[in-house]
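Visitor:
Number of protein chains: 2
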Amino acid sequence: MSIMEPDLHKLKINDPFLGQYQQLVRNVVIPYQWDALNDRIAEAEPSHAITNFRIAAGLEHGEFYGMVFQDSDVAKWLEAVAWSLCQKPDPELEKTADDVIDLVAAAQCDDGYLNTYFTVKAPGERWTNLAECHELYCAGHMIEAGVAYFQGTGKRALLDVVCKLADHIDSVFGAGENQLHGYPGHPEIELALMRLYDVTQESRYLTLVKYFVEERGAQPHFYDIEYEKRGKTSHWHNYGPAWMVKDKAYSQAHQPLTEQQTAIGHAVRFVYLMTGVAHLARLSNDESKRQDCLRLWNNMVQRQLYITGGIGSQSSGEAFSSDYDLPNDTVYAESCASIGLMMFARRMLEMEADSQYADVMERALYNTVLGGMALDGKHFFYVNPLEVHPKTLAFNHIYDHVKPVRQRWFGCACCPPNIARVLTSLGHYIYTARTDALFINLYVGNSAAVPVGDNELQLRISGNYPWQEQVKIDITSPVKVEHTLALRLPDWCADPQVVLNGEAVTGDVRQGYCYLTRCWQEGDSITLTLPMPVRRLYGNPQVRQQAGKVALQRGPLVYCLEEADNGAALHNLSLPADSAFRVFEGKGLFSHKILIQAEGFVQRVLKVESQPLWQYDRAPTTREAQTLTFIPWFSWANRGEGEMRIWVDEV
Amino acid sequence: MSIMEPDLHKLKINDPFLGQYQQLVRNVVIPYQWDALNDRIAEAEPSHAITNFRIAAGLEHGEFYGMVFQDSDVAKWLEAVAWSLCQKPDPELEKTADDVIDLVAAAQCDDGYLNTYFTVKAPGERWTNLAECHELYCAGHMIEAGVAYFQGTGKRALLDVVCKLADHIDSVFGAGENQLHGYPGHPEIELALMRLYDVTQESRYLTLVKYFVEERGAQPHFYDIEYEKRGKTSHWHNYGPAWMVKDKAYSQAHQPLTEQQTAIGHAVRFVYLMTGVAHLARLSNDESKRQDCLRLWNNMVQRQLYITGGIGSQSSGEAFSSDYDLPNDTVYAESCASIGLMMFARRMLEMEADSQYADVMERALYNTVLGGMALDGKHFFYVNPLEVHPKTLAFNHIYDHVKPVRQRWFGCACCPPNIARVLTSLGHYIYTARTDALFINLYVGNSAAVPVGDNELQLRISGNYPWQEQVKIDITSPVKVEHTLALRLPDWCADPQVVLNGEAVTGDVRQGYCYLTRCWQEGDSITLTLPMPVRRLYGNPQVRQQAGKVALQRGPLVYCLEEADNGAALHNLSLPADSAFRVFEGKGLFSHKILIQAEGFVQRVLKVESQPLWQYDRAPTTREAQTLTFIPWFSWANRGEGEMRIWVDEV
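The listed protein sequences derive, respectively, from chains F and H.
Mapping of the first sequence onto the working numbering: residues 1 to 651, in sequence order.
Mapping of the second sequence onto the working numbering: residues 652 to 1302, in sequence order.
1. When you compare the CB of Q1305 of chain H with every CB in chain F, is at least one pair closer than 8 Å?
2. Throw me the rounded Cβ distance for the C1211 of chain H and W1284 of chain H pair, which I believe falls under 8 Å.
3. Count the other CB atoms within 10 Å of the CB of A364 of chain F; is the residue buried (16 or more) or exposed (fewer)?
4. Going along the chain, which residues of its own chain have a beta-carbon closer than 6 Å to the beta-carbon of L557 of chain F, five neighbours each way excluded?
5. Which residue or residues does DSSP assign as beta-bridge partners of R997 of chain H?
6. What residue range does the alpha helix (DSSP H) around A426 of chain F cover?
7. Any beta carbon from chain F within less than 8 Å of D1159 of chain H's own beta carbon?
8. So Q912 of chain H and R946 of chain H are supposed to be a Cβ contact under 8 Å. How far apart are they, rounded?
9. Quick check: the Cα distance between C944 of chain H and A333 of chain F, rounded to an integer number of angstroms?
10. Using three-state DSSP, classify L1181 of chain H as helix, strand or coil.
11. Please list, in chain order, all residues of the same chain as V608 of chain F whose beta carbon is under 6 Å from its beta carbon, the five residues on each side excluded.
12. Just grab the DSSP bridge partners of Q407 of chain F for me.
13. Relative to the alpha-carbon of A131 of chain F, which residue among F:Q497, F:T424, F:V68 and F:V509 has its alpha-carbon at the smallest distance?
14. Pairing CB atoms from the segment 926-940 of chain H with CB atoms from the segment 963-973 of chain H, are three or more of them under 8 Å?
15. For the beta strand (DSSP E) containing S462 of chain F, name the first residue and the last one.
16. Tell me the DSSP secondary structure of W728 of chain H in three-state form.
17. Any heavy atom of the ligand PLP closer than 7 Å to the Cβ of K1054 of chain H?
18. Have a look at H819 of chain H and S723 of chain H and give me their C-alpha separation to the nearest angstrom.
19. Can you tell me which of F:A263, F:S251, F:L487 and F:E79 puts its alpha carbon nearest to the alpha carbon of A192 of chain F?
20. Three or more beta-carbon pairs under 8 Å between the segment 213-229 of chain F and the segment 244-251 of chain F, yes or no?
21. When DSSP builds the beta bridges, which residues end up paired with P632 of chain F?
22. N889 of chain H by DSSP, collapsed to three states: which one?
23. For T233 of chain F, return the contacting residues in chain H, with the cut-off set at a CB-CB distance below 8 Å.
24. May I ask which residues mark the beginning and end of the beta strand (DSSP E) holding E910 of chain H?
25. Below 8 Å between beta carbons: does that hold for T627 of chain F and E599 of chain F?
26. With a cut-off of 8 Å on the beta carbons, I'd call S698 of chain H and T1075 of chain H a contact; round off their distance for me.
27. Please confirm if the segment 935-942 of chain H is in contact with the segment 1155-1163 of chain H, defined as three or more CB-CB distances below 8 Å between the two stretches.
28. At a cut of 8 Å, does the segment 1036-1049 of chain H reach the segment 997-1017 of chain H through at least three beta carbon pairs?
29. What is the DSSP secondary structure of N446 of chain F, counted as helix, strand or coil?
30. DSSP three-state label for E743 of chain H, please.
31. Assign T207 of chain F to one of three DSSP states: helix, strand, or coil.
32. Indicate whether at least one CB of chain H lies closer than 8 Å to the CB of V534 of chain F.
33. Drop a sphere of 10 angstroms on the beta-carbon of Q737 of chain H, count the other beta-carbons inside from all chains shown, and report buried for 16 or more, exposed for fewer.
34. So, at 7 Å on beta carbons, what are the nonlocal neighbours of N1152 of chain H in its own chain, with the 5 sequence-adjacent residues on each side left out?
35. Tell me, please, whether the CB atom of G548 of chain F is closer than 8 Å to any CB atom in chain H?
36. Measuring CB to CB, does S462 of chain F end up less than 8 Å from E522 of chain F?
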């Protein structure tokens, strides 16, 4: 059994909802980010990323500017462009990207090394600070871009660059006497080399991933060795000197992966690492690594995942904290971490065919990932809280990382281009195309053609997900194809119904997928009905931040209260356990979106003018009826600054 | 109308409850802290404070060690000893203290300067870094000790030292051309000089306080001027270079006091400053400064005070945050801040004769201040949270400052000796002895003699406060004395009853005091009955961290749930709005203490073994009856590590 990555040329998204997001990425986000990379956006923090490449290529004189990982923003933009070109050819954009690729190639050193920070700023310090300096991380992103651009355009220029880069890295790292026994401080190259292996079938790349993964956390510790060797210099100081070297759990390098029991450290690093490990485990049939994936996935999802698909409960280290510690207001939940979670889930799905991975992937996509970008495509969240009280943010340091509205760009700009590349490559997440079955993970409207043996199964998914309950799957293959379709039955749906050519079928349901095997032909049609009553969700009783509270979900969407609809002091609102819900389509910003209303209560202050001096008097409030309006959480903060909260007191 | 500070020799505490605390301070805390100051406690962080004085005095060679304000620990210990000697003579202890005073005198420079850090470590840098280096703060504490030791023992040695020190400071600071136009980064000397003025009637000291207060926040800013002058060196780096210079609100120096609208910055600094300002405002009849005190007191108490009498909502800067932002678990609420709050309240009482100040003073004393020390007198809290979940603390940086159990000593050891000196000088808080009336603020058992004109009013307060409702006040003067007694009617008491010689009286009640004027004589007896039903307290509706929750208070004591009585996961407990309370005396650690029980609920997990993978399932719990046991919050964490919470969901 093997997996065939869907060819995104043959997978056209026409979803009324996410299709618009893709359009937004094409029309707004990609041009906007191109401007940002070239420092043409007045109100945004400077990027300098393209200029760095020009300086490294010798085309311009100047100083490197930006983060040590500034190159990766260019790589992610190129990847977004690559996937976007699959959806819609755009010669002008392709020309721009080709020029960037020429520039990247020109910035590559003769030996294959490619990194503008070190080339321009510290040429003598190559590979001396793996723990802190993101060289392999940047390489990983460029490799991903090279693979994507090859897949998206058929052009090999960047693929050749990154193969040369990967070959160089392969020569530098390994068990050999003259090689570095190191591995990245920020994992990323593992998942990238696996993609490069997929495309090139060059076994050295897979072997190198295995080396990086298995060397990780070995003693004596590589981070300490290189730290001593370079004279104890340190690149990052925000938590004290060399903290990134010392706090090895931050990089998931405190112990070998086989010994790790919990999702720990920097959340993005964790899911990036595990994405590569899961890919490697499947392709190398490595049961031990598969167990590592299952164990760490379970810890993360069962004990450290937010209802929004967010991970990373704390700002310090942008990291996981501990089991069942899920603060709503001080949470980090970086947009990139939820993107990485989707990537990890995708690789788990390819290994396991268990819908729980798709459930989490969908939750991350429709909530935190979409929420990371404003509806205008020009403003972004890095941090995605579940509760915000804007008036307080500036005055209490526990909220230093929280912004009440999306920002135009960031000094550390990892998230915006990451959102762009994941939204343009949705096709990779919709299906898992295995030789034995085509798994449909997400009900995003699209038409696709997937190879089945020597044939091709063509199909079309349509509907108005996630707003409406019916999804239609039409087979459009001109010739008959014998194959199995595996339809995901979402965890949020209590009573899914499958109708095939007008007849209800139960199918063969295993691990959350309904398997339908048949000789498919044009005209075959499946109607999947996924009833979407408003669900009341309750926290795991171990999670103290959710005790006594309820959250609403409809379909895959988590809902929230916003000040714009419900007034300030949202904490004084409560929802009776027996309130009925009204769902209706919103207006303006919320047109084509479903909102929810319910009758609730508000605690009102009695006689404000005579409010007692001492603030803790006997019940200075009275409970009055108030209609509560809930909006899809991903769309919050599109109407200016205001309070927001997901978890509401249930009374 | 003037105030006479009670002579603590004539004020003997014999309270069954706080008397034991005083005994603990005498028998355990003072000797223990003496050992600590001399580095004889193995498990505690080193102090080196006495050695610093020996080195400064030239009696020993060595290096200064410790905080720049290490001297103040010795001063606070001396002050605690002084007050303790009033209560119970102890020749051996007095000899030890006299030796310390000789040592302090020997460490004083010829010109009056006294500070071991600068004398030993940086003699050329005297008065070059007021913003950061605590010279005036240390001077203030030593002045307080000098005043106290004089009042407590009649000995002038330390008083002479500190007068010489104050005179030196008076020569260095002021409006003169060759004087420094500066003021302390950490206020303290203001309140100390006011006490020195009380004792010496030297008007220069009062004038100097006025200078320090009025110069504060003036432009161009003194902190900037001295920063430039010393070549931009900085002593503290924890929040970035020279942050203490830059963040002037931290020291309440961002603007003149008259312009400040909110309690802001480092909480201890704020209340220390305001203690001095209130004292100055009264003695100089300065209506503008009185208004400053009223305005800032009101902001603090109405919008930034915890139910426990704690202040300082955040660990960053040990500081206030903003109006109505009162997190229970990430709060700082330093023990010293509540001691400073008592001091500020005392000075407000002397100015205003309004019981609201005594209400806050009592709340701080019986909750946070007592809670700052373990029942064994050997362990201390620096930070006093209202909710603790120990398992989480080590893994989420928002809890970095929180300890689940009291510690033996601290590298920054301001709190333990501060608790000792306030508990030994309780007499200063019990009464406000004005010429027109004797105000009884606290119902601590004691016998006292207070001058009234040429006579003396002798009285005895007895009872078993705060556990029992009846307080008896017996007049014991052998001769008749015409005077007014003003009995505080606590804010927590809905229905206080006053019986004078067997007859109910209503008295003349103004601003929370019941005034009784009479020619008092031996045998006169007042019985004050303060009914102590368990009260349910509710947060101000602006405070989101208390929404939907209730806290219990009986008398002045705030209660809490602890894991030891109620099991783990306290967040799953709730208290019905109509539950009845049982009060009863506890056992063991809680003997002589009143505990509270009520029938409540616990959310129990249904079928733990089959708990769903996905943590947010539909109501995975059931609500079962459970008896809730509440203990006085000040006595929490005396049974090892466990969860604690004050605010409980009300259902």
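We treat Cβ as the ideally placed atom computed from N, Cα and C, and that holds for glycine.
Fair warning: this is a prediction, and the values are worked out from it, not measured in the lab.
Guide: Result, derived from the coordinates:
1. This structure cannot speak to residue 1305 of chain H, because chain H is shown only from 652 to 1302.
2. The Cβ separation is near 4 Å, so the contact holds.
3. Buried, since its Cβ has 16 or more Cβ neighbours within 10 Å.
4. For L557 of chain F, the CB contacts under 6 Å within the same chain, skipping 5 residues up- and downstream, are Y366, P466 and P632 in chain order.
5. The secondary-structure analysis by DSSP pairs R997 of chain H with nothing; it has no beta-bridge partner.
6. It should be noted that the sequence gives Leu, not Ala, for residue 426 of chain F. Note, L426 of chain F: premise wrong, no alpha helix (DSSP H); not H, not E.
7. Under the Cβ criterion of 8 Å, D1159 of chain H is not counted among the residues facing chain F.
8. About 7 Å separates the two Cβ atoms, so the contact holds.
9. Those two C-alpha atoms are separated by around 43 Å.
10. L1181 of chain H carries a coil assignment under DSSP once its states are collapsed to helix, strand and coil.
11. With a pLDDT of 49 at V608 of chain F, under the threshold of 50, the modelled position of that residue is not reliable, and the figure given next carries that caveat. Contacts found: none.
12. According to the DSSP secondary-structure assignment, Q407 of chain F is paired through a beta bridge with F:F380.
13. It is F:V68.
14. The segment 926-940 of chain H and the segment 963-973 of chain H do not touch, with fewer than 3 CB-CB distances between them shorter than 8 Å.
15. Where S462 of chain F is concerned, the enclosing beta strand (DSSP E) stretches over N455 to G463.
16. Three-state DSSP puts W728 of chain H in a helix.
17. Of ligands this structure carries none, so the ligand PLP is not represented either.
18. Distance between the alpha carbons of H819 of chain H and S723 of chain H is about 18 Å.
19. When only C-alpha atoms are compared, the closest one is F:E79.
20. Contact holds: three or more Cβ-Cβ distances are below 8 Å.
21. In the DSSP output, where bridge partners are listed per residue, P632 of chain F has F:Y559.
22. The three-state secondary structure of N889 of chain H, taken from DSSP, is strand.
23. Contact note: T233 of chain F does not reach chain H at a C-beta cutoff of 8 Å; the least C-beta distance is about 19 Å.
24. Per DSSP, E910 of chain H belongs to no beta strand (DSSP E) and is neither H nor E.
25. If you check the CB distance, T627 of chain F and E599 of chain F come in under 8 Å.
26. In this structure, S698 of chain H and T1075 of chain H do not form a Cβ contact; the two beta carbons are roughly 20 Å apart against a cut-off of 8 Å.
27. Not touching, per the Cβ criterion.
28. Segments in contact, no.
29. Look at N446 of chain F here: in three-state DSSP terms it is strand.
30. If DSSP states are grouped into helix, strand and coil, E743 of chain H belongs with the helices.
31. Here T207 of chain F sits in helix by DSSP.
32. Not one chain H Cβ lies under 8 Å of V534 of chain F.
33. A small fix is needed here, since residue 737 of chain H is Cys in this sequence, not Gln. Burial state of C737 of chain H is buried, judged by a 10 Å Cβ sphere holding 16 or more other Cβ atoms.
34. Result list for N1152 of chain H: D1175 and S1176, in chain order.
35. Chain H places a beta carbon closer than 8 Å to that of G548 of chain F, counting this residue as a contact.
36. Here S462 of chain F is not near E522 of chain F, since their CB atoms are 8 Å or more apart.
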